[in-house]
Structures are given as structure tokens and as C-alpha cells.
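In the working numbering, the protein residues as written are 1043 to 1245. Quick reminder that beta carbons are idealized off the backbone N, C-alpha and C, glycines included.
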Amino acid sequence: MGQHVTDKSCECVAAAREQVEEVAFASRNVFENEPDGRLAERRARLADPGFENARIVSAGSEATETLINMTRQLAVVRGQGTRWTVPSPNPSYHGTSLGAVAVTGAPDSEAICPPVRRIMPKALRSLSYRVPEYVTDSYADHGANVLEQLTLDEGKESIPSLILEPVGGLATGGLVGTAGFYKALRDICDRNGFPLYVRRADA
Ligand SMILES: Cc1ncc(COP(=O)(O)O)c(C=O)c1O
């Protein structure tokens, strides 16, 4: 979950300053404070069943990085260390940090990234407008087939998870896919033994 603070006079800034002053130690892997833990617990309590844990992050890009890291860690502890290719549907937007650009489906950002980061393979997302050469449902089927093929090409044993932005953000302005598309993606993930991570950005 990411939270932006844009109003410098708001009480969030004062609370953040107060909390920062109380943090005794922070390293790249270990950082928490007591209000952060309380907020995560409260967020998880308010969420639907199945969301029993929450982790608070600074922004959407960090949420994506965290997701990729968790995905990889989960694969490793399950003895699936060969899984490190994280596909996502194209077009999509997952943020500006290097890991987030790698899973973002946007040719312009993909073009500048490769020297420092491997771009992850992209499938196609279901479109509800500007559907090229198909109608909505057949394009959704096509998108699911592209993912199925990608899974075969990459090898399912190399994929720790699929990252999906269910409602389009920056890349696709409020775009939603068909119900059949989301179900097809779920089925592909289940059949091939990797989790589907659904990311949601709240503006
Ligand atoms: C789905 C999604 N992921 C990640 C981001 C990046 O978020 P941030 O700019 O907070 O890093 C956005 C921003 O629009 C987004 O829509």
C-alpha cells in the first residue's frame, strides 16, 4: 500500500517528523516503527477475508519492488530458485524505479532500461476501448492465449508470479478487462503453479 503526502501543512507531516525522530535504526531490510505496525494491522482488519497481512510502503513504485522481492523470496523458500521472470500484461504501468520499469508494459521506458535492468516479458491485457482488429471478448481471449504461450516459451519453472494491474492507472486511464480475462489469468497461474499478484493504485 502506498501513501502520498502532498499537503505540507497537514498533520501527516508533523506525525511523520515525530515518528522519524523515534526511529533508532534502519537498514535496507529492517525498518519498522510502532505506528507503522498498528496501521498495517488496522488496514488488514478492514480488508476483505484473505487479506490478513498488510505492509506499508512509501509509494506505488516501492509497492512493486516489494512485490517482486516477496515473489522471489517465496519461490526460493519453496525450493523454486529458478523462478525469477515476472511477466505482466501490456500496456501497464507499475512505477519509475528500476524493478517497476522492468514489469511496466510501455515501449518507451523499456527502450532506456535494458543496460541496467532486464526487461520482463509482456503478455497482452484485455482492452475495453481501442481494441485492435478484434472485439472486446475475442481480444481478451487473445490476451490470455498470449500469456499461455509466454508461459510455455519462458518455461513455467522460471516464473515466480504474474503481476496484474486490474484497473488501468497511468498507462491506460481506468481501463478494465473482461471478467473472462481475469478468470483466464487466474487459471493460467493456478495451472502453472505460480501466484497472481493483483496491484491496485489508489489516487
Ligand atoms: C498501478 C500503478 N503502480 C505503480 C504506480 C507508481 O506509483 P508511484 O508514483 O507512487 O511510485 C502507479 C502510479 O500511477 C500506478 O498506477
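Spatial distance of Val1218 from Ala1186 (CA atoms): 15 Å
Reduced DSSP category for Asn1234 - H, G, I as helix; E, B as strand; rest coil: helix
Residue ranges of each beta strand (DSSP E) within the region 1169–1240, 3 or longer: 1204–1206, 1238–1240
Selection from Ser1200, Val1158, Phe1236 that minimises the alpha carbon distance to Met1123: A small fix is needed here, since residue 1123 is Gly in this sequence, not Met. Selected option, being the one with the closest Cα: Ser1200.
For Ala1165: DSSP bridge partner residues: Pro1131
Contact under 9 Å by Cβ, Glu1202 with Arg1114: Looking at the sequence itself, residue 1202 is Pro, so the reference to Glu does not match. Cβ atoms of Pro1202 and Arg1114: closer than 9 Å.
Asp1232 at chain D interface by Cβ criterion, 9 Å: Given the protein chain composition of this structure (a single chain), no chain D is represented.
Gly1185: CB within 8 Å of a non-hydrogen atom of ligand 1: no
Proximity of Ser1139 and Met1162 at Cβ, strictly below 9 Å: no
Per DSSP, the bridge partner or partners of Gly1092: Its beta-bridge partners do not exist; DSSP assigns none.
Separation of Pro1157 from Leu1169, as counted between CA atoms: 31 Å
CB-CB length for Thr1108 against Arg1125, believed under 8 Å: So it is not a contact: roughly 17 Å between Cβ atoms.
Gly1137 CB to nearest heavy atom of ligand 1 below 8 Å: yes
C-alpha gap between Gln1061 and Lys1225, whole angstroms: 42 Å
Inter-residue Cα distance where the pair is Ala1089 and Ile1205: 20 Å
Best match in Gly1235, Arg1087, Thr1193 for proximity to Gly1121 [C-alpha to C-alpha]: Gly1235
Ala1144: CB within 8 Å of a non-hydrogen atom of ligand 1: no
Residue burial classification, Arg1036 (beta-carbon count within 10 angstroms, cutoff 16): The first residue shown for the chain is 1043 and the last is 1245, placing residue 1036 beyond what the model contains.
Contact test: Ser1103 Cβ vs ligand 3 heavy atom, cutoff 8 Å: No copy of ligand 3 appears in this structure; the ligands present are ligand 1.
C-alpha distance - Asp1229 paired with Pro1077, whole-angstrom precision: 38 Å
Gly1044 - DSSP class collapsed to helix/strand/coil: Reliability fails at Gly1044, whose pLDDT of 47 lies under 50, so the model's placement of it is uncertain and the value that follows must be treated cautiously. In the structure shown, Gly1044 sits in a strand (DSSP, three-state: E or B).
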